[in-house]
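Residue numbers (this note's numbering): 48 to 636.
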């Protein structure tokens, strides 16, 4: 009977992987059109809203979300879930500022915008920063599902990362954007079904959502509007709210992979609708994973698995819970693992596809001035996917030393997100900003955030900064349980309710991880504007490079009001037209 159960578990996992390989083979061999840049990166601009939307959801809902959010809610309460509501502001910002500009320009690489706005050097530098950020975050994306698979099956983590990467590299390399999009859409089914099953089973066992809410409220975990503005508190309404806005604007409005998908849609209206559907879907997933975290606490409120030494840390709490509640349902654990791995593959394939296009367009073509045939370009991008994929496998060894799934991911992204968002915002929203300001702003943001985050992570690794968690109980554990030793806070002092720190740690390193994107962006914009005003240039800025709202603000009496309209953005055939320019030395904004 036990052997049959394991066969059912592996069958669900094998079906998902087989479908991913099949889609890659179909679009690479049968469809046979992935040998041009347009087809490989943009799917020929014939993609539909549904697969694009599902692909964006899958590529952004990785194992980090599926495992990290329940762990975050279990250990620190529900304040983090406010981000599902804050996405309304992200939609508004993206639709009114960033998306119209990129869709109108119809550029293959989003960094091409920076060349038109600030010059080639800014484009190449930003591309390098972006490539670095993706190479840093992909090992986290790979490691998290491998960790879950290891806990459920006992297979070696490093072996699993290699297997997952090989499969992902295969269908991304062979099938291009179409394979990535449709595979993401299929994989999202596994992810969604696993989330629904886990939620329903948990609610049945606990006795309904009412009992779950009651347990979390009685033990101080149910909080959404903790309005304390202290930036050094880990999670408050303001840290989560601002962090979500700056973080998600970076991930949606200027991320090359997302812009690439928007441009692959035939009309701006479809691109806008795809964005709205995407953020609604993300909100649903975050809410579901948050409910799962609440359910897990309700189940283990009297015997914490970490304190009882059943698992090593709260990273393992969701896989442990699945193995506990799904023991009597053959195949369900396999379905759950399939959902986790599917989410990771979706994210990794999307990022690899994006990185290959970015490296080709911005380094091979622009920086190295290499002109090759469409077939050769396709081969270069596919080889890039392979190299980066295996580089990320090696970096998994570094990721293992970091702590906290959600905090780990946001910290890694926080080093570069602010620098990237600031330079695009300077270009799109501030006509007076020039290339000198842009490069100074980026470098200041990158340097300061590397110092802040690097110092924080070093303190965490050396146990000089330890975050507190919500209270847990072991009163209901079996009498023969061997409990884990209490955390040693010797040599540390309680700086606030969320963290113990060593006197040797500078206070700036204790700023909330949710503020990393906010601080990085504001530093980049502030320094960029200051330098631009101190060292102005006689640089012309085409109106098409500015957000429509900025065009209207500056030229409300424009003789060509259509250039400032947002009712229907139409692709532009060229950047340099006869329309009005903005001169950076005499603008008033």
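Yeah, the Cβ is synthetic: ideal placement off N, Cα and C, and Gly gets one too.
query, result
"Residue from 346, 379, 488 and 316 whose Cα sits closest to the Cα of residue 260", "346"
"Element boundaries [beta strand (DSSP E), containing residue 589]", "587 to 589"
"As assigned by DSSP and simplified to three states, the class of residue 541", "strand"
"Buried versus exposed, by CB contacts within 10 Å (16 or more), residue 420", "exposed"
"Helix, strand or coil at residue 536 [DSSP, three-state]", "coil"
"Beta-carbon proximity list for residue 348, same chain, < 7 Å, skipping 5 on both sides", "262, 266 and 520"
"heavy atom of the ligand PLP below 7 Å from residue 463 C-beta", "Annotation note on the ligand PLP: not contained in the displayed structure, which lists no ligands."
"Beta-carbon proximity of residue 104 to residue 325, cut-off 8 Å", "yes"
"Contact under 8 Å by Cβ, residue 404 with residue 156", "yes"
"Whether residue 362 touches residue 194 by CB criterion (8 Å)", "yes"
"Length of the line joining the Cα atoms of residue 459 and residue 244", "31 Å"
"Start-end ranges of the beta strand (DSSP E) lying completely within the region 329 to 382, minimum 3 residues", "none"
"Cβ shell of residue 398 (< 7 Å), same chain only, five flanking positions each side left out", "181, 185 and 304"
"Validate contact between the region 460 to 470 and the region 567 to 574 using beta carbons, cut 8 Å, 3 pairs", "yes"
"Sequence ranges, beta strand (DSSP E) only - wholly within the region 129 to 174, length at least 3", "none"
"Exposure label - residue 586; buried when at least 16 CB within 10 Å", "buried"
"Through-space distance from residue 580 to residue 518, alpha-carbon basis", "51 Å"
"CB contact flag (residue 153, residue 343, <8 Å)", "no"
"Own chain residues within Cβ distance below 6 Å of residue 291, not counting five before or after", "130 and 133"
"Residues sharing a beta bridge with residue 547, DSSP", "513 and 541"
"Cβ-based neighbour list, residue 338, same chain, cut-off 7 Å, excluding 5 preceding and 5 following", "246"
"Beta-carbon gap between residue 176 and residue 493 smaller than 8 Å", "yes"
"Meets three-Cβ-pair contact criterion under 8 Å: the region 372 to 388 and the region 159 to 171", "no"
"Distance, residue 465 Cα to residue 565 Cα", "7 Å"
"Residue 504 - containing alpha helix (DSSP H), residue span", "482 to 508"
"Cβ-Cβ distance between residue 395 and residue 555 below 8 Å", "no"
"Distance CB(residue 113)-CB(residue 334) smaller than 8 Å", "no"
"Closest residue to residue 285 among 350, 560 and 498 (Cα-Cα distance)", "560"
"Contact under 8 Å by Cβ, residue 457 with residue 294", "yes"
"First through last residue of the alpha helix (DSSP H) which encompasses residue 572", "563 to 581"
"Candidates 600, 537 and 382, of which the one nearest residue 192 by Cα", "382"
"Sequence-distant residues of the same chain with beta carbon closer than 8 Å to residue 172, five excluded per side", "486 and 489"
"6 Å CB neighbourhood of residue 373 in its chain, flanking five on each side removed", "379 and 380"
"Residue closest to residue 503, alpha-carbon to alpha-carbon, out of 536, 552 and 65", "552"
"As assigned by DSSP and simplified to three states, the class of residue 122", "helix"
"Residue 179 versus residue 353 - alpha carbon distance", "34 Å"
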